[in-house]
Each structure stands twice: as structure tokens, then as C-alpha cells.
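These notes concern the structure reproduced below.
Residue numbers (full-length UniProt numbering): 1 to 848.
This is the structure we're talking about:
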């Protein structure tokens, strides 16, 4: 029978970790644990708080075992707020008048969201971003403000939490603004160059960024035009320190956190100079019976706002209570964020504060990546680093902080595929390298687990706890397994053990038409930014449902979300389809009128169609309504689908032409338009061997001969260009179409996510010969099935934009801003550079 009671005040991630750590160490059952939680929810994943907006299911964020159902020595009281500590009586008082005695008291009260003293901060439209209840309140406020015609949200604070909040507002259908007083986003983690790049990338995603300004005032907005109003949630005017303003319906404060140390203060415990309960390295306060862990603890005077150090403090106190001598060591302040596809990582001495340190950096403005390493003065030891745009090296570099580099520093951060780039692998790490900082798991711990029989990532996570918290080290676990010679599965991600091809077959063979049903039956968890777009593509490839119907709309990436390509300045492009490059005089006039009326930048592309750039989200429906009424349709420039079928003028006009390439290009484009695939698809048809349409650089290339057509496949442009390979020669029209049907469906069914046709062919067992056997000789017996799938697609095709215009629910996502004018403002100004007209802000024309 236990004789001592430990009371834990707070049941967040760190409080839960303490309970688990103590129970795992206390084999004799010496301690009985009482958890007093202020929130109504047991411990949940606060790091993944924004994921709640994807499903609104609190149970999916719950930490495993957070109610300790099978442990008689743990009692959890939810909704039980502690109001005071009676140190003399060694007890705590709760809001309901109760009293709980303790032999040891552990304060895990965490922190609260800091709200700067801005006039108007108490208005109903203002929120903080800290708990599940906060997100419920923000959602309700967002719905009211959309109904009131004010779909704009402002986030005050541009740190990690602020960007998460902006992402949440965006998911609610609001146009988000981020206001940051510092000169850059994530100023605590990024330097000037990294912050500048992140700001551009976040702006490109449609989030307006204001840096170097503060918030001066919040007050009800003054309107000069009638707008639908809501008594509960009128629009607010957020006035900034530079006297500019933003009219918004929702305001979220994410300006940092402060430790919740009020209980300790009132009890007379020592408080650190900048707040937080002052502790020594054992996490004990100046009262030896009281400990502090997590964000409320000021260990040797410093508070740590990350979950990794919080977990370490929980482990230290658990060890102390069972007679151990653990102390809090050097905290890992590394952070990694993936927001709307933007990778950001910061680790070690990222700001280069070590005396005489050296910095090596690569700033690639074209590919939007920035990488910096901070080195010792002899350039041998890694001290820290920053990665923006591509954080794939984070998992390997972070554990090497404090270690001697195995090679040239510049080569470690050079882009993959460049000379000397990507030269560091997990095999270069020493056994003592910490792979999982959240749970203090080293490479040696993991290799020992592998030697003991762990043969996949789930087993490693279960055995070592690596990857069970923030999850940033999970890719490294797979790399380590491969480095140790353990054959790995082709699982799509940690939520699906199946490959993309296997999931395609599952969807085809079942009646499942939603992501939630698929993951419930064949996966685990709630999904991620890898599996969601993949499943969305598979669902689109296997039916003619509109991609913005129902649940499927939430799976789409940023371009498919608005059926338009987002551009570097946050505006969108409009690309109507021009099959085979053909366009009527009426359509040319219509495009010209639209470009004039909306002040859009126009360009004839290499794919033989006209692009219009510079539209706001709210202008897209009206532009497309005019295009659809004029007989035009979506060109799918935003989708992983068929883009264009380029053609020369062929035998109709050209004296060298051997076949009607224009007619064939039009037929092909109309047949495969809207066909979703693992990656974009480009095609071309040339009317003779002179190859004016450049068909041999396309995914599908068709070249006319005297006897028919030659079919080329798997050519790709881009950073790794591939020449297309000849699949069949001198075939007639009907055979050509059948072969293309089969080729496309074989590719769509079997390729990996985001795999172009060229690397797909390279990975195909048997290569071109096997592909020829499948497509031309039907070696798999699937030719009829492939052709039927394409036939269903052709029969069910409809223009996605036409579907939006006919559906008020879909139209509601294309909302205008609060202070947008009734008619289109000029969104782009033009200037002359080197003899041609270009939009202001575009890259300068190089001088020759």
C-alpha cells in the first residue's frame, strides 16, 4: 500500500509525461498520484493544436493513456482548478472548496497567452490561441463574421504560435493578416535572411504579413458602405503603429506566453526575475516539498517554452521522487515547423552568439530555400543552424550539434543534386547523437533497439518513445533502419502502411469515397499533409465528383483549394483551356476584355495558352463566370492533372506536315482534361519529324509519320530533364488513343506521390520493355479495365469552375475582404523595362 501522495497541478503534455515517468519508475507503488486539471479535457497534444481545426474531434488529440484507466494509483480530477497552496498544512485548495493533501507537490500549470495592453483588447472579437476551447470560440467568431460579410482575421504576433493561428484562420475561410512588431517573422528562431524568405513564402500563400509594426488600437470599424452586420460580431478596425489599419471580424493574440506562476507567488515561493517559479537543476523550488516542471518552471532562472525541455524536467522530478539524482542538463531549443507546405527549422546556436563563430549560408532566392550553419572558429564543430524552405537535413544536422563535422560544411547544405550536395547521412552520426530531443533518445538507443528486433518505425517508436511527441525525428528513424540494413515498407506515411498504389487499389475495390472512412478502416490517426492530398488525388482519379464537394474540399492543397495558382505576391492566375492552342477571335476578345477590366497581366505561355495574372481570390468567380459564359473552361493549371497538349499547325497549314496534328491535339486534350494524377502531365503533338511542338520532352509525345503516329512517353522538363522514349511506331489514330489510355492509367495506378512519369519509368521493374508489354501487348490483362476507366472519366468530365459557379456553398469560399471595393481596384501596376511592359515587383529584365 502506498504511503505518500504526490499532487500534480495541471494536466498538459508535461504533467502527463510526469505521471507516466513516475509510474514507470515507481515499481514498488510508493507514490499515489492525484492530478488536478483545470481544463475539462485530459492531456492532449497542444503542439498539434491546429490539427483540431481539420476534424473538430477532441478525442483525436488526446494523448495515449491520458486517463490512466488501468492504474489504481492515479486519480485524475478534470475541471478541478487549484486556487491556493497551504504550505504549512502541505495541501492545496480547489475552487469547489475541496482540500487535497500532498507529500510532494508538482506544479505543471504551464503558461497563459500574453495579451499586450492594447486598447480594445477585451472586445468580443478578440481571442487568444491556447486551448481547444479557444479554437472553438475562434471558429464561432469566424462563422459569425463570415455571415456578417467581414471574412478577415488578424493575428497579432508572428512567432510559431502566430503562424499556426494564421493557418487556422485561413482554414476557416478568412483572409489572414499577421502583425509582428519585430522586423521579421519567427524572430526568436530565424535570422534576418531566413525571416525575410519565410515572410515572402507566407505571403505567397495568401497570408498578408506586416512586420516592424505594433498594434496601437482596436475599435469598431467605421464603414462608408452598407454591409451585412451582426450584433454579436461587428467588424473591428485594427490600427497599427504606422497609422495603417485592417478591418477584421476576428482578432487573435499570439504575442507570446507568460508562466502561470500565480499560485506559487501567492504561496510565497521564489519567483524568477522575468517570471516563472524559480527552481534549481533538480526542478525543486525553495520549498523542498514543491517542484515545478514545464513552462512554469524557471530552472536556474530560465523558462523554456518548448515541449522537449518540459519533458526533460518531468523526467528529472520523477527520478528524484524515487530516490534518483537526475538533474536538468542543457536544453534542446530546436524547433521545426511545417505550415502550408513551408518548412522551417532552427537548432543549436542558430543566431551565432558564440564568440568567434563562423557562418556558412546558401540563400537560393529562385528555389526559395535558405540554409545556414554556425560553426566553431576552426570550422570543425557544428554549433547550430537555420533551414527555411527545405528542412530535409534537419533530422541529421540537429543531432550533430556539438560534434565534429564529417565533411565540408557547405556540401552538407547544398541542394540535392548539386555538385557535392547532400553528402551527410544518418550513418555519419555518432552513437551519442540525440535523435529524439523530446524523449532524449540517442542513435545508440535506436541501433540497440534495432539489434533487439525492432524492424519498422512503429516498433521503434513503441520501444524507445522516439518520434512519439512532436514527430520531427520520424523520417530519421526510417533512414536509420535502412542504414542498419532493415528492409523498409513503401508505406505512404505513418498514417497508412500502404503505398499510394495500394491505396489506389483499395479505393477502386471498395465503395469508400471519403478520407475519414479510408483512414478509419485502413489507417491510423488523423492524417497529415502527405496522405491527405494523395487520397484527394486518388478520389478524383476514380470518380467524377467535384474536388470541392464535402469532406474532399479540406484535403486539397493551396492551389486546388481555390482552383487557381497562387503567385509570389499572393494573387492568383487564371488559365482557361485552349485545346491544341486553338482559340477563336471571340475568345481572344473576351480574354482581352477581362484582362483590361480586372487589370491583369497577360502572357502567352510555352504551352500555347493565355495566362492572366494578378487576380484576388474574391475576383476569381466573376472572371470565371465571364469565361464560362464565353464557352471557355478551366485549364487545370493549378492541379496535378493534364496541363496542356501543345501542337504545331500540322498538315492543315504546314507544307511539311504529314498528319493533322492540331485535330489530334484537340482530341487528346479534350479526352484527358481534368484527369488527376500523381503529378502534372504535359503532352504535345508534332505534325512531322521536324518536331515543332517539342513532343519528345513531354510525358506523352506524339509525332506524325507517313504511316500514322509515333508514340513517345516519359519525357520531363524541369530541373532533371529527360528525353521521352519511343513506345510504339506507325500506329493509327484508334491505336494511339488506346495506348495513351492504358499508359496514363497504368501510371496513375502505380506511381508514387509527386512522381513524374520519367522517374516512374526508371523505378519500374523491367523499364521500357515492361511498360511496352503492359501497354501494347496487355501482359497484365488490364488493358480493357484501363480503357474503361478512361471512358468513365470522359463521360463524367465537367468543368470544375462551372461546378463552383453553380453551387452557392462552393462559391462561399471565394469571399471578398472587409474593406474591398465594390468594383475591382487595380491590383497590379505596370512599368516599362528594357522595351517591354512588366508588372511592378516582378524580377527585372536582364540587360544584354
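Glycine included, every Cβ here is placed at the ideal spot set by N, Cα and C.
Given the structure is predicted, the values throughout are model-derived calculations rather than measurements.
Identify the continuous alpha helix (DSSP H) that holds residue 445 and give its terminal residues. 443-451
Taking residue 856 as the reference, which of 561, 508, 216, 212 has the closest Cα? The displayed coordinates of the chain run from 1 to 848. Any statement about residue 856 would go beyond what the structure contains.
Grouping DSSP H, G and I as helix and E and B as strand, with all else coil, what is residue 31? strand
What did DSSP end up calling residue 809 once you bin it into helix, strand or coil? helix
How should residue 719 be labelled, buried or exposed, when 16 other C-beta atoms within 10 angstroms of its C-beta is the threshold for buried? With a pLDDT of only 48 at residue 719, under 50, the local geometry of the prediction cannot be trusted, and the value read off the model is given with reservation. Exposed is the call here.
Reducing DSSP to helix, strand and coil, say where residue 413 ends up. helix
Measuring alpha carbon to alpha carbon, tell me which residue in 773, 289, 282 is nearest residue 301. 282
DSSP state of residue 75, grouped into three classes? strand
Could you compute how far the alpha carbon of residue 553 sits from the alpha carbon of residue 573? 20 Å
What does the Cβ neighbour count give for residue 114, buried or exposed, with the cut at 16 atoms within 10 Å? exposed
Would a C-beta distance cut-off of 8 Å place residue 729 and residue 710 closer than the cut-off? yes
What do you reckon, are the CB atoms on residue 372 and residue 194 nearer than 8 Å? yes
If we count the other Cβ atoms within 10 Å of its Cβ and call it buried at 16 or more, is residue 11 buried or exposed? buried
Residue 668, enclosing alpha helix (DSSP H) - first and last residue: 661-672
Do the stretch 753-763 and the stretch 698-714 make contact, defined as three or more Cβ pairs closer than 8 Å? yes
With DSSP collapsed to three states, give me the class of residue 508. helix
Beta-bridge partners of residue 597, as assigned by DSSP: According to DSSP, which records beta bridges pairwise, residue 597 is partnered with nothing at all.
So, are the CB atoms of residue 645 and residue 580 less than 8 Å apart? yes
Applying the 10 Å Cβ sphere with the 16-neighbour rule, what's the burial state of residue 345? buried
Curious, which full-length beta strand (DSSP E) runs of at least 3 residues does the stretch 617-662 contain? 642-647
Quick check on the DSSP output: the beta strand (DSSP E) that includes residue 683 runs from which residue to which? 681-686
Buried or exposed for residue 183, going by 16 or more other Cβ atoms inside 10 Å? exposed
DSSP three-state label for residue 180, please. strand
Output needed for residue 17: all residues of its chain with C-beta closer than 6 Å, excluding positions within five of it in sequence on either side, in chain order. 311, 314
With 16 as the cutoff for other CB atoms within 10 Å, does residue 177 come out buried or exposed? buried
Measure the alpha-carbon distance for residue 809 versus residue 549 and round it to whole angstroms. 9 Å
Considering only the beta carbon of each residue, do residue 359 and residue 381 sit closer than 8 Å? no
What residue from 430, 521, 395 has the CA that sits closest to residue 405's CA? 430
Run of the alpha helix (DSSP H) containing residue 879, from where it starts to where it stops: The question about residue 879 has no answer, for the chain in this structure spans 1 to 848.
Locate the alpha helix (DSSP H) running through residue 354, then write down its first and last residues. Careful: residue 354 lies outside any alpha helix (DSSP H) and carries neither H nor E.
Provide the residue(s) that pair with residue 725 in DSSP beta bridges, ordered along the chain. 713
At which residues does the beta strand (DSSP E) containing residue 880 begin and terminate? Since the first residue shown for the chain is 1 and the last is 848, residue 880 is missing from the structure and cannot be characterised.
Chain-order list of residues whose beta-carbon lies under 7 Å from that of residue 435 (same chain, five-residue window excluded): 399, 441, 442, 443, 446, 466, 473, 476
Using alpha carbons as the reference points, say which of 179, 501, 308 lies closest to residue 244. 179
Can at least three beta-carbon pairs, one atom from the stretch 82-90 and one from the stretch 47-60, be found at a separation below 8 Å? no
By the three-class DSSP mapping on this structure, what secondary structure does residue 40 have? coil
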